[in-house]
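All remarks here apply to the structure that follows.
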């Protein structure tokens, strides 16, 4: 037995559902004897229920709720976060697990399946169609060239493969609790000095259909990430920000521990993250799903009406024809008018039921976002200062960093406009690039990641997400390196990034020297890698001025 007061966020409760315990994600009181409980069952499906005092004898707390401790193993949290994302992606949008697109498969993914894999006879593959999503996904691939007699078969493991499913299941079963425990990450590529809180938010969109348990059917579910700083400002952290973060070493942890005791980190940050999601992320997700579903359902309704109406008309006509023959004394041994009429009526009922079902599919509504996990993110700039590698005034460095970023972005935007392209700043969306530039003649997009550095800088840091984006869009991705002149306030440069590439540069826009590097990366980083430092000198050797 448990009291309503024992129901805490994160607690594992028995007695709410007959098929097993549930994890509480939110508790809201209505007076002093009624609790509105939001929970997730063992399969991750959300639920909502009102509990009155008379339910107390039937519920039991298996595991008490815990507040954020942020003391979980960061490496393991990173692993379970990726397993959670892959599982979510496969269940609701299989191609999302291959990369980080939101809803629809990317053009190159369609090309890979239909133009590259299908025509190749030496390849054996299994394709699975998802009619509800209107797309084809690759479930497994056997490569004949790697089939050696007496040796194991070579299989391409991707979302949907039993091995990957089993692996993610085991990881989530054993370590899902780490999501609510939280950990501390280091973002080495971030030169700022302000600690931020990161929250994992799950959001779903459901239609009016119900499953066997009477619950609304979820048609889309996304995991979204929100960061909050000390000032209370929230922002979208991108698709999988943890891939760019790494755990701390023991020596680093001892340095940053005092910075993690700030009072604001113990405030009610979850509600702020949820408010931001409701205001900014939920409407976007809902619109994407609504637009896609309405287009698909409209086409489906037209196709259903066309096909079934023709069949109904045929059997109506056939019933009348057979009836006339029967009245004339001509009996059909195989079918009579009554059976034909029943067939026509069945098709009419089928049409009506199908149209009603499609109308329910169109009745979409967003479900409340739920916080599923969290972490603290310490920027590399703060660690550098704590190590004594940064001695300039923090405000000056922040101003200089912002100036360099703004000048670099402005230079690339102007360069794109000079090429008669239409650039758009998407840097706040954290989608793996900073500028989305449209080529008006054909509508093709160029994805440009801008790296602004002071002239004389030796290296440039690229995050794992940026590298994955570049590899996923090899023909459209551009790495723009912009060398910005120092300001009058002083160098303001980071000592740990300074050096002299020893190269001579030509002139460019407003004193900034812009170089475009096409196909800058050749291989995907290991899972443990969060970012990679590249020598600017080597990158510029393969670079070119705006193309």
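Numbering (our numbering), first residue to last: 1 to 547. No residue lacks a Cβ here, since even glycine has one placed at the ideal position from N, Cα and C. The model shown is predicted, which means the values in this text are computed figures rather than measured ones.
### Query
To the nearest angstrom, how far is it from the Cα of residue 418 to the Cα of residue 408?
15 Å
### Query
Which runs of the alpha helix (DSSP H) fall wholly inside the stretch 433-483 and span at least 4 residues, in chain order?
464-472
### Query
Just how far apart, CA to CA, sit residue 60 and residue 34?
Near 17 Å, if we compare the C-alpha coordinates of residue 34 and residue 60.
### Query
What does a CB cutoff of less than 6 Å around residue 323 pick up in its chain, not counting 5 residues either side in sequence?
337
### Query
Considering only residues of the same chain and omitting the five flanking positions on each side of residue 229, which have a CB-CB separation below 7 Å?
194 and 196
### Query
Closest by CA to residue 180, which one among 446, 88 and 84?
84
### Message
What ranges does the alpha helix (DSSP H) occupy inside the stretch 238-325, keeping only unbroken runs of at least 4 residues that lie completely in it?
### Response
250-256 and 269-276
### Task
Give the secondary structure of residue 530 by DSSP, where H, G and I count as helix, E and B as strand, and everything else as coil.
In this structure, DSSP gives residue 530 a state outside helix and strand, which the three-state scheme calls coil.
#### Entry: Opposing strand residues paired with residue 196 [DSSP bridges]
377
### Task
Compute the Euclidean distance between the alpha carbons of residue 361 and residue 297, then round it to the nearest angstrom.
8 Å
### Task
State the DSSP-derived secondary structure class of residue 400, mapped to helix, strand or coil.
helix
### Which listed residue (30, 36, 46 and 434) has its alpha carbon closest to that of residue 21
46
### Query
How far does the alpha helix (DSSP H) with residue 426 in it reach, from first residue to last?
Careful: residue 426 lies outside any alpha helix (DSSP H) and carries neither H nor E.
### Query
By how many angstroms is the C-alpha of residue 344 removed from the C-alpha of residue 271?
The straight-line gap from Cα to Cα measures roughly 56 Å.
### Query
Touching or not, the stretch 233-244 and the stretch 272-281, by the rule of three or more beta carbon pairs under 8 Å?
yes
### Query
Is residue 57 helix, strand or coil when you go by DSSP?
helix
### Task
Please classify residue 58: is it buried, with 16 or more other beta-carbons within 10 angstroms of its beta-carbon, or exposed?
exposed
### Query
In its own chain, which residues sit with a C-beta less than 6 Å from the C-beta of residue 372, not counting the 5 before and 5 after it?
179, 200 and 202
### Query
Do residue 453 and residue 481 come within 8 Å of each other at the CB atom, strictly closer than that value?
yes
### Task
Specify the secondary structure class of residue 162 as computed by DSSP and reduced to three states.
helix
### Query
The alpha helix (DSSP H) spanning residue 355 covers which residue range?
Segment 337-362, the alpha helix (DSSP H) holding residue 355.
#### Entry: Simplified DSSP state of residue 231, which is helix, strand or coil
coil
### Task
From the DSSP output, read off the bridge partner residues of residue 38.
26 and 48
### Task
Return the CA-CA distance between residue 311 and residue 346, expressed in angstroms with no decimal places.
Roughly 11 Å between the two C-alpha positions.
### Query
Nearest-angstrom Cα distance between residue 207 and residue 50?
22 Å
#### Entry: Exposure label - residue 400; buried when at least 16 CB within 10 Å
Buried, by the Cβ-count rule.
#### Entry: Contact under 8 Å by Cβ, residue 426 with residue 439
no
### Message
Taking the alpha helix (DSSP H) that residue 180 belongs to, which residues open and close that run?
### Response
177-181
### Query
So what does DSSP say about residue 405, is it helix, strand or coil?
Note: residue 405 maps to helix in three-state DSSP.
### Task
Apply the 10 Å Cβ neighbour rule to residue 349 and answer buried if 16 or more other Cβ atoms are within range, or exposed otherwise.
exposed
### Query
Which value, in whole angstroms, describes the spacing of the CA atoms of residue 533 and residue 414?
Straight-line spacing of the CA atoms in residue 533 and residue 414 works out to 27 Å.
### Task
Give me the Cα-Cα distance between residue 261 and residue 517, rounded to the nearest whole angstrom.
Approximately 42 Å between the Cα atoms of the pair.
#### Entry: Element boundaries [beta strand (DSSP E), containing residue 518]
513-518
### Message
By alpha-carbon positions, which one of 514, 374 and 529 ends up nearest to residue 68?
### Response
374
### Task
Compute the distance between the beta-carbons of residue 464 and residue 190, then report whether it is under 8 Å.
Cβ atoms of residue 464 and residue 190: not closer than 8 Å.
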